[in-house]
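In this note's numbering, the protein residues as written are 4 to 436.
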């Protein structure tokens with residue numbers, strides 16, 4: 004009960020007192036004997052470390068319970084088909100429901116249901132990474148496993164104040180660090196040892212968030228991300244609060260997976276690889292005017308019209324997270340492909356600057372397989388050399404993450420809705436460091 008009832012600021016207070024006493028005990032001189040750390044501080048540190056281990060065990064158990072309940076609940080269909088092939092609402096009399104999906108089944112790829120996505124309050128079964136308990140496989144290296152359930156208020160759904168279904172778990176450790184809020188490599192390794200002492204290392208999943216309460220609870224202080232092998236720091240390149248690092252595939256999780264777990268601005272940073280969707284982006288690229296609200300230094304708001312390059316593409320079930328990512332090797336020795344989470348299925352809209360530089364930046368993000376530049380006729384010949392050179396310069400100026408396949412975007416929460424996600428390209432000039 005101490006892990007729940009004890010205020011979070013009390014952890015950092017005890018850690019500061021312990022580190023201060025530890026520093027005083029090590030500062031010895033020829034005339035002064037060494038003063039040991041008070042016993043009550045040592046007991047408090049042990050008590051808090053034990054409390055955080057117990058708390059993390061409960062959170063991991065709650066996640067397993069939520070996933071087990073979701074796996075046994077029948078999926079609620081949200082779309083249906085009329086006899087003539089047109090869409091309709093669920094609940095109409097005399098209509099047929101779409102075939103339900105479940106473990107060991109695939110989304111329909113032919114027939115009257117081809118191209119339709121089943122959007123429901125709780126995502127249906129989809130392709131994900133391997134499960135340590137050995138889920139069923141179709142023999143081609145792909146695993147069928149229930150996705151993380153979405154938050155729902157319907158009766159029978161999982162509810163808990165410690166873990167929200169469909170979101171990342173926030174695990175706790177207590178490791179006092181002499182370096183302060185910015186944890187050193189030794190402190191991060193000690194956090195991993197705390198997870199090992201709690202017996203949680205085999206149960207961790209990619210994207211789990213670990214919070215060192217000894218560093219404090221301001222912003223994202225002390226928060227680390229599990230990448231499958233190690234705990235890594237947040238990325239502070241584009242936000243002073245810290246964002247999900249580029250090593251974590253954003254498409255492998257629902258768009259709101261880290262919401263209220265990793266504190267961020269209204270439009271969080273994500274990293275995506277657009278190369279698989281280059282042809283779709285080139286087909287639906289438009290230059291148009293967009294009206295946005297801007298805030299003045301006096302606190303007022305003005306409506307400003309600007310030019311933007313807007314493109315859209317569709318993410319369909321069964322698409323891999325990235326074609327450049329190596330397959331995941333499961334505990335059984337087999338290779339598995341991590342596919343895009345069902346929360347991203349649907350339309351994705353991308354906004355880029357309505358300038359030649361913005362178009363060149365978008366071209367650098369999708370690669371050279373498809374050309375976005377309008378052709379120009381020079382002396383009877385079609386030439387795109389000038390804009391291609393700009394694209395090459397943009398690609399050289401982009402971050403190493405972008406050159407490796409992933410590029411930086413902001414998720415626009417005010418425009419996004421289920422089935423339609425809005426993104427904005429983040430240029431290198433927005434980098435903080």
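Glycine residues also receive a C-beta, built at the ideal position from the N, C-alpha and C atoms.
Handout entry: residue 279 vs residue 344 beta-carbon contact at 8 angstroms
Key = Their beta carbons are not under 8 angstroms apart, which means residue 279 does not touch residue 344 by this criterion.
Determine, using beta carbons only, whether residue 304 and residue 365 come nearer to each other than 8 angstroms. no
Exercise for the section: Pull up the distance between the alpha-carbon of residue 43 and that of residue 19, whole angstroms please. Expected result: 14 angstroms
- Query: Which residues in the same chain as residue 14 place their Cβ atom closer than 7 angstroms to its Cβ, once the five residues preceding and following it in sequence are excluded?
  - Reply: 51, 177, 216, 217
ask   = If we count Cβ pairs, one from each stretch, closer than 8 angstroms, do we get three or more for the region 276-296 versus the region 241-250?
value = For the pair of segments examined, the region 276-296 was found not to touch the region 241-250: the number of CB pairs separated by less than 8 angstroms stays below three.
Give the single residue among 309, 227, 181 whose Cα lies nearest to the Cα of residue 357.
309
Residue closest to residue 263, alpha-carbon to alpha-carbon, out of 46, 202, 173: 173
| query | Is it right to say residue 249 is buried, meaning 16 or more other beta carbons lie within 10 angstroms of its own, or is it exposed? | reply | buried
(message) Using only the alpha-carbon positions, how far apart do residue 261 and residue 170 sit?
(response) Spanning the two alpha carbons is a distance of roughly 6 angstroms.
In or out: residue 270 buried (at least 16 other Cβ within 10 Å) or exposed?
-> buried
Run through the region 196-236 for me and flag every whole beta strand (DSSP E) of 3 or more residues, listed as ranges in chain order. 212-215, 226-229
### Message
Tell me which residues share the same chain as residue 238 and place their Cβ nearer than 6 angstroms to its Cβ, disregarding the 5 neighbours each side in the sequence.
### Response
For residue 238, where only same-chain residues beyond five positions count, the Cβ hits under 6 angstroms are 246, 248.
query: Going by the CB atoms, is the gap between residue 321 and residue 422 shorter than 8 angstroms?
result: no
task = Report the three-state DSSP secondary structure of residue 9 (helix, strand or coil).
result = When DSSP states are grouped into helix, strand and coil, residue 9 belongs to the coil group.
| Member of 233, 12, 208, 210 whose CA lies at the smallest distance from the CA of residue 196 | 233
(message) Buried or exposed for residue 149, going by 16 or more other Cβ atoms inside 10 Å?
(response) Residue placement at residue 149 is flagged as unreliable, the pLDDT there being 41, under the threshold of 50; the coordinate-derived value follows with that caveat. Residue 149 comes out buried.
Give a yes or no on whether 8 angstroms exceeds the smallest Cβ distance from residue 357 to chain C.
-> This model lacks chain C altogether, as it is built from one protein chain only.
* Is it the case that the Cβ atoms of residue 229 and residue 202 are separated by a distance below 8 angstroms? -> no
Length of the line joining the Cα atoms of residue 324 and residue 410
14 angstroms
**Asked** If you drop the 5 nearest sequence neighbours on each side, which residues of the same chain put their C-beta closer than 8 angstroms to that of residue 281?
**Response** 369, 370, 372, 373
key: DSSP-derived helix/strand/coil call for residue 70   = helix
Review point. Do you know how far the Cα of residue 180 is from the Cα of residue 17?
Key: 12 angstroms
Skipping 5 residues on each side, what residues in its chain have a beta carbon closer than 8 angstroms to that of residue 41? Excluding sequence neighbours, residue 41 sits near 24.
Just how far apart, CA to CA, sit residue 265 and residue 338?
Approximately 30 angstroms between the Cα atoms of the pair.
>> Does the distance between the C-beta of residue 184 and the nearest non-hydrogen atom of the ligand HEM fall short of 7 angstroms?
In response: Among the ligands in the structure shown, none appear at all, so the ligand HEM cannot be discussed.
> Considering only residues of the same chain and omitting the five flanking positions on each side of residue 276, which have a CB-CB separation below 6 angstroms?
Replying inline: 325, 408, 409
Checklist entry - Quick one: what does DSSP say residue 361 is sitting in, helix, strand or coil? => result Secondary structure of residue 361 (DSSP, three-state): helix.
What's the call for residue 223, buried or exposed, on a 16-neighbour Cβ count within 10 Å?
buried
**Q.** CB of residue 294 within 8 angstroms of CB of residue 306, strictly
**A.** In this structure, residue 294 sits near residue 306, with a CB-CB distance shorter than 8 angstroms.
For a test of the three-state rule: what should DSSP assign to residue 170, helix, strand or coil?
coil
| query | Beta-carbon separation of residue 426 and residue 352 under 8 angstroms? | reply | yes
Check your understanding: Between residue 8 and the rest of its own chain, which residues show a CB-CB distance below 8 angstroms, the 5 nearest in sequence each way excluded?
Key -> Excluding residues within five positions, none has a Cβ falling inside 8 angstroms.
I'd like to check one pair, residue 361 with residue 355: are the Cβ atoms closer than 8 angstroms?
It is a contact, given that the beta carbons lie within the stated cut-off.
Under the DSSP definition of a beta bridge, which residues are partnered with residue 314? 353
Environment of residue 417 [buried if 16+ CB atoms lie within 10 Å] = exposed
Requested in this report: Use the C-beta contact count for residue 302: other C-beta atoms within 10 angstroms, 16 or more gives buried, fewer gives exposed.
Outcome: exposed
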